[in-house]
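For reference, the structure discussed in these notes is given below.
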Amino acid sequence: MNTTTSEIPILSEASQIDLGIGGMTCASCVSRVEKVLKKQSGVSGASVNLATESARVTLTGPDDAETLARIKRAVRDAGYEPRSMAAMDDVEGERWHGIPTDFLPVLAGLLLSAPLALPMVGDLFGKHWMLPSWVQFLLATPVQFWLGARFYKAGWHALKALTGNMELLVAIGTTTGWALSTWLWWRAEPGEMVHLYYEGSAVVITLVLLGKWLEARAKRQTTSAIRALHALRPEWAHLLPDGIKRTEETDVPVDELLPGDLITVRPGERFPADGTVAQGSTQADESMLTGEAMPVPKAVGDAVTGGALNGEGAVQVSVRAVGAQSVLAHIIALVQDAQAGKAPVQRLVDKVASVFVPVVLVIALFTLGGWLYVGSPVEEALLHAVSVLVIACPCALGLATPAAIMAGTGVAAQHGILIKDAQALEIAHRVDTVAFDKTGTLTVGHPRLRLIEAAAGVDEVAVLQAASALQAQSAHPLARAVLEAAVTRGLVVAADAAQDVQAVSGRGSLGTVQGVKLALGSLRWMDELGAAMGPLAARAQTLQDEGATVSVLAAQGEADQWAPLALLAFADEAKPGAAAALAGLRAQGLRLFMVSGDNRGAALAMAHTLGLRADEGEVIAEVLPGDKAAVVQRLKLGEREPPPGLVALAAVEGGTPPGAVTTGSKESLHTVAMVGDGVNDAPALAAADVGMAMSHSQGGSSDVAMHAAGITLMRGDPMLVAAALDISRRTVSKIRQNLFWAFAYNAAGIPLAALGYLSPVLAGAAMAMSSVSVVSNALLLKRWKPPVQR
62 MNTTTSEIPI
72 LSEASQIDLG
82 IGGMTCASCV
92 SRVEKVLKKQ
102 SGVSGASVNL
112 ATESARVTLT
122 GPDDAETLAR
132 IKRAVRDAGY
142 EPRSMAAMDD
152 VEGERWHGIP
162 TDFLPVLAGL
172 LLSAPLALPM
182 VGDLFGKHWM
192 LPSWVQFLLA
202 TPVQFWLGAR
212 FYKAGWHALK
222 ALTGNMELLV
232 AIGTTTGWAL
242 STWLWWRAEP
252 GEMVHLYYEG
262 SAVVITLVLL
272 GKWLEARAKR
282 QTTSAIRALH
292 ALRPEWAHLL
302 PDGIKRTEET
312 DVPVDELLPG
322 DLITVRPGER
332 FPADGTVAQG
342 STQADESMLT
352 GEAMPVPKAV
362 GDAVTGGALN
372 GEGAVQVSVR
382 AVGAQSVLAH
392 IIALVQDAQA
402 GKAPVQRLVD
412 KVASVFVPVV
422 LVIALFTLGG
432 WLYVGSPVEE
442 ALLHAVSVLV
452 IACPCALGLA
462 TPAAIMAGTG
472 VAAQHGILIK
482 DAQALEIAHR
492 VDTVAFDKTG
502 TLTVGHPRLR
512 LIEAAAGVDE
522 VAVLQAASAL
532 QAQSAHPLAR
542 AVLEAAVTRG
552 LVVAADAAQD
562 VQAVSGRGSL
572 GTVQGVKLAL
582 GSLRWMDELG
592 AAMGPLAARA
602 QTLQDEGATV
612 SVLAAQGEAD
622 QWAPLALLAF
632 ADEAKPGAAA
642 ALAGLRAQGL
652 RLFMVSGDNR
662 GAALAMAHTL
672 GLRADEGEVI
682 AEVLPGDKAA
692 VVQRLKLGER
702 EPPPGLVALA
712 AVEGGTPPGA
722 VTTGSKESLH
732 TVAMVGDGVN
742 DAPALAAADV
752 GMAMSHSQGG
762 SSDVAMHAAG
772 ITLMRGDPML
782 VAAALDISRR
792 TVSKIRQNLF
802 WAFAYNAAGI
812 PLAALGYLSP
822 VLAGAAMAMS
832 SVSVVSNALL
842 LKRWKPPVQR
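Counting from 62, one number per residue, gives the positions in the sequence shown under the working numbering.
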């Protein structure tokens, strides 16, 4: 999404706009605004968030100014105020003599209502401090019709739309109390002291205003993570001279930076944009972006992220990405997307809210009629009906889910866990199976060329030279290992040393070097090509048994026959803490699997290091990238891998292998999370119930993987998997707690008010505090820490 500081929201690439909406107070308001927006031509969907007081509108028609104006007009006609997102982000607001201006109506209400409430306090001490009727009238009337004007305005708009909201209930209830008091005063005899109820109406309005003010302050805290991320971006950058248009260093706004610009970052400053260190060395504090507590060393060629804090070294950085393309912008967008969306459980709340106010009005009428039926005075029956109207408010229902989601996604982002949407958050708490990609996820992902086993009569250096030529343009980890080995040996590979190079998905590379057609890839591919491995076959098996990944360099000879020239053995290392992370997940009762495209020997060797149980089918090896999604589907269906000795891949390619146990059902029996880090993992991440894209030190996870995944882990730390599942469980738990108390509050409060056990004042206080308590409970999530901190 795009964040804009203009008065008209800027459209994102997905034809969505984010619009601030002022004046919403309860779940009924949310339901009403959504209905109004969805009725507009050119609008295909709308999601309104009470906690952020904003709406995300999806467009199908033209995205011109007329469409935006029509949407804003519809919101205003519905009785609410369309605002820019920049205005909604104005947290502090103006002050008057040190007092927040938004608190002034509350302060006025407290000053006017306090004298009215004195008799209630005096009764506790046996004192009678009743004010004259005319004084009570003068104090209560401004509260009712000046401070309470907002309730009449919003309630009137609701009536015109044949719906209801919190303001309507408050307006009807307090007006009834004020009118009853005025009627009793008017019909009283001269000099007669009658008991009036002005204090009830005035105090209720004041308490509601106080509760909404406290609620607004609490809601601002739920958005603190977004504001903290925005604050990471500096406003200025030191642009170095280019020798053509600029001959000296110039300070320019960050918005003016372009890819390719060379900037300098001094000690203690934040990096203004994503880039690559071009000169110098330093350390970068990326804790606010990735949750990594320790500074990360940065040298020439290393990537730096905009918003990270520079350490003690001055460095020059070549700008790589700016604006919406930067990592910080992606992080902010993901968090905002998650907070703007609705969790599936919210559908129940929306249904309840749509009928809540009409039902409450009916209950209030029955309460009035019931008390009159048993012979109670009219004023007593009216007061009980007023209590029902005042205490029954859907505010807490509307805040229960979004407040928890905002707090949960915010604190998760601060620890390097980006949750893409509320649905991923809600599903993640049900995960009982976690499948890991091996390379780059559980391992360092930076394999090294361990050895070259050349065929008889073949020169090892020539093999490395040819392999380097084939892999010169590849970004595959094994290709990088070959190139690093060539650099280590001092070999120079020309950019055009290989011709007609093409990558064969899941198998290797083809190309021509010095007129000879070469293939470099897996043993399995050599079998498909019909290459006769000869004496190298036994050696390849030995290397695989030792845990190495073996590739073969082969040359095409006469009659298109392929002859192997050498074996290239690669070795990777398990990430620090990976074994502990898996052990922690296993202790939670989760099913664990490692999915790898490596040969089974290499996969089993790494599984042994990580503590995975190959004999229980936890290792799924030799899986082509396109087949990982099929493996995920099998895990959903509850199918387990066959005992060791059987080809695990047969389950994917040829149906059910011998020894496999299936459920006999096509319905998912398990909720599966897939953890991966590369483009090849994207289909599996999308196929899983919850996809987790893991970043790594070599520049972050693939953009494709991030888009396919519901959760992005900003550090390549397997411990974050358990942390992501934990914050999901805790957030869903808070949602359930909030919904329980919101429903329980009304379920208990309405009958008590109808039976006469709650006065309007107590009902108003309880209603005002209900939404505050829900938001405060959600804010407890801000104290969350990942289960394991290393």
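Idealized CB from N, CA, C, for every residue including glycine.
Please state whether DSSP places V505 in a helix, a strand or coil. If you number the sequence shown from 1, residue 505 lands on position 444. It is coil, neither helix nor strand.
Those residues which DSSP pairs with R117 across a bridge: Taking the first residue of the sequence shown as position 1, residue 117 is located at position 56. As DSSP reads the structure, R117 sits in a beta bridge with D79, S108.
Report the option in A169, A783, A770, F198 whose CA atom is closest to the CA atom of L746. Counted from its first residue, the sequence shown places residue 746 at position 685. Comparing Cα-Cα distances from L746 to each of A169, A783, A770, F198, the minimum goes to A770.
Identify every run of the beta strand (DSSP E) within the region 518-582, keeping only runs that are complete inside it and at least 3 residues long; order them along the chain. Correct list: 559-565, 569-574.
On a CA-only basis, which of G83, P438, V680, I811 is nearest A496? Give me that one, please. To locate residue 496, count along the sequence shown from 1; it is residue 435. Per the Cα distances, V680.
What does the Cβ neighbour count give for K306, buried or exposed, with the cut at 16 atoms within 10 Å? To locate residue 306, count along the sequence shown from 1; it is residue 245. Exposed, since its Cβ has fewer than 16 Cβ neighbours within 10 Å.
Can the beta-carbon of V376 be found closer than 8 Å to that of G321? Reading the sequence shown from its first residue, position 315 is the one you call residue 376. Reading the sequence shown from its first residue, position 260 is the one you call residue 321. It is not a contact, given that the beta carbons lie outside the stated cut-off.
Classify G209 as buried or exposed, calling it buried when 16 or more other Cβ atoms lie within 10 Å of its own Cβ. As a first step, residue 209 is located in the sequence shown; it is residue number 148 there, counting from the start. Residue environment: G209 is assigned as buried (16 or more neighbouring CB atoms within 10 Å of its CB, all protein chains considered).
Excluding five sequence neighbours on each side, which residues of the same chain lie with their C-beta closer than 8 Å to the C-beta of V361? Within the sequence shown, numbered from 1, the residue matching residue 361 stands at position 300. These residues qualify, in order along the chain: V338, A339, Q340, G341, S342.
Taking the alpha-carbon positions, what's the D742 to D659 distance? Taking the first residue of the sequence shown as position 1, residue 742 is located at position 681. Taking the first residue of the sequence shown as position 1, residue 659 is located at position 598. About 14 Å.
Keeping to the same chain, check which residues put their C-beta closer than 7 Å to that of S529; ignore five residues upstream and five downstream. If you number the sequence shown from 1, residue 529 lands on position 468. Around S529: V543, L544, A547, L552, V554.
Does DSSP classify K99 as helix, strand or coil? By one-based count along the sequence shown, residue 99 stands at place 38. For K99, the three-state secondary structure derived from DSSP is helix.
Determine the extent of the beta strand (DSSP E) in which T732 is found, giving its start and end residues. If you number the sequence shown from 1, residue 732 lands on position 671. For T732, there is no enclosing beta strand (DSSP E), since its DSSP letter is neither H nor E.
For G725, count neighbouring Cβ atoms within 10 angstroms of its own Cβ and tell me buried if that reaches 16, exposed if not. Taking the sequence shown and counting its residues from 1, the one referred to as residue 725 is at position 664. For G725, the pLDDT reaches just 40, beneath the cut-off of 50, and the residue's location in the model is therefore unreliable, leaving the point undetermined.
Tell me whether R288 is buried or exposed, calling it buried when 16 or more other Cβ atoms sit within 10 Å of its Cβ. The residue labelled residue 288 in the question sits at position 227 within the sequence shown. Exposed, by the Cβ-count rule.
Under the assumption that I82 contacts V118 (Cβ atoms under 8 Å), give the Cβ distance between them as a whole number of angstroms. Taking the sequence shown and counting its residues from 1, one reaches residue 82 at position 21. Taking the sequence shown and counting its residues from 1, one reaches residue 118 at position 57. The pair is not a contact, with the Cβ atoms about 10 Å apart (cut-off 8 Å).
Could you pull out every residue in the same chain whose Cβ sits closer than 8 Å to the Cβ of L730, ignoring the five residues on either side in sequence? As a working mapping, residue 730 is identified with position 669 in the sequence shown. Counting only Cβ-Cβ distances below 8 Å, and skipping sequence neighbours, we find K697, L698, G699, T724.
Indicate the three-state DSSP secondary structure (helix, strand or coil) for W297 in the structure shown. Sequence index remark: in the sequence shown, residue 297 carries index 236 (1-based). Here W297 sits in strand by DSSP.
Considering only residues of the same chain and omitting the five flanking positions on each side of P358, which have a CB-CB separation below 6 Å? Translated into positions along the sequence shown, residue 358 becomes position 297. Around P358, the same chain offers Q344 as residues with beta carbons nearer than 6 Å, after the five sequence neighbours per side are excluded.
Alpha-carbon to alpha-carbon, E228 and M85: Translated into positions along the sequence shown, residue 85 becomes position 24. Translated into positions along the sequence shown, residue 228 becomes position 167. Looking at the two C-alpha atoms, the distance is approximately 10 Å.
Anyone know if the C-beta pair for H445 and G817 falls short of 8 Å? The count along the sequence shown starts at 1 and reaches residue 445 at position 384. The count along the sequence shown starts at 1 and reaches residue 817 at position 756. A contact, by the Cβ cut-off of 8 Å.
Which two residues bound the contiguous alpha helix (DSSP H) that contains I466? Here residue 466 corresponds to residue number 405 of the sequence shown, with the count starting at 1. Counting along the chain, the alpha helix (DSSP H) containing I466 begins and ends at 456-475.
Taking Cβ positions only, does D738 come closer than 8 Å to chain B? Absent from the structure is chain B; it holds one protein chain and no more.
Residues near L671 by beta carbon distance below 8 Å, same chain, minus five either side: Within the sequence shown, the letter at position 610 stands for residue 671. Excluding residues within five positions, the ones whose Cβ falls inside 8 Å are L503, A635, A639, A640, L643, M655.
Quick one: measure Cβ to Cβ for A803 and A473, integer angstroms, because I've assumed they're closer than 8 Å. Taking the sequence shown and counting its residues from 1, one reaches residue 803 at position 742. Taking the sequence shown and counting its residues from 1, one reaches residue 473 at position 412. Not a contact, Cβ separation roughly 24 Å.
With a 10 Å radius around its C-beta and 16 neighbouring C-beta atoms as the bar for buried, classify D498 as buried or exposed. Translated into positions along the sequence shown, residue 498 becomes position 437. Answer is buried; the Cβ neighbour count reaches 16.
If the criterion is Cβ atoms closer than 8 Å, does the pair G459 and V91 meet it? As a first step, residue 459 must be located in the sequence shown, where it is residue number 398. As a first step, residue 91 must be located in the sequence shown, where it is residue number 30. Going by C-beta atoms, G459 is nearer than 8 Å to V91.
Could you spell out where the alpha helix (DSSP H) holding V449 opens and where it closes? For the purposes of this step, residue 449 is taken as the residue at position 388 of the sequence shown. For V449, the uninterrupted alpha helix (DSSP H) segment begins and ends at 439-452.
When the distance is taken between beta carbons, is S448 closer than 8 Å to S820? Indexing the sequence shown from 1 puts residue 820 at position 759. Indexing the sequence shown from 1 puts residue 448 at position 387. Yes; because the gap between Cβ atoms is below 8 Å, this pair is in contact.
DSSP bridge partner residues for N838 (one or two, in chain order): In the sequence shown, counting from the first residue as 1, residue 838 sits at position 777. Paired residue(s): none; N838 is not in a bridge.
Just checking, does the region 510-520 make contact with the region 663-678 on the three C-beta pairs under 8 Å criterion? Look at the beta carbons and you see the region 510-520 not touching the region 663-678: under three pairs across the two are nearer than 8 Å.
Following the continuous beta strand (DSSP E) through A593, name the residue where it begins and the one where it ends. Counted from its first residue, the sequence shown places residue 593 at position 532. Unbroken run through A593: none, as it is neither H nor E.
So, are the CB atoms of F212 and A232 less than 8 Å apart? Here the question's residue 212 lines up with position 151 in the sequence shown. Here the question's residue 232 lines up with position 171 in the sequence shown. Yes; because the gap between Cβ atoms is below 8 Å, this pair is in contact.
Give a yes or no on whether the C-beta atoms belonging to D316 and H299 are separated by under 8 Å. By one-based count along the sequence shown, residue 316 stands at place 255. By one-based count along the sequence shown, residue 299 stands at place 238. No.
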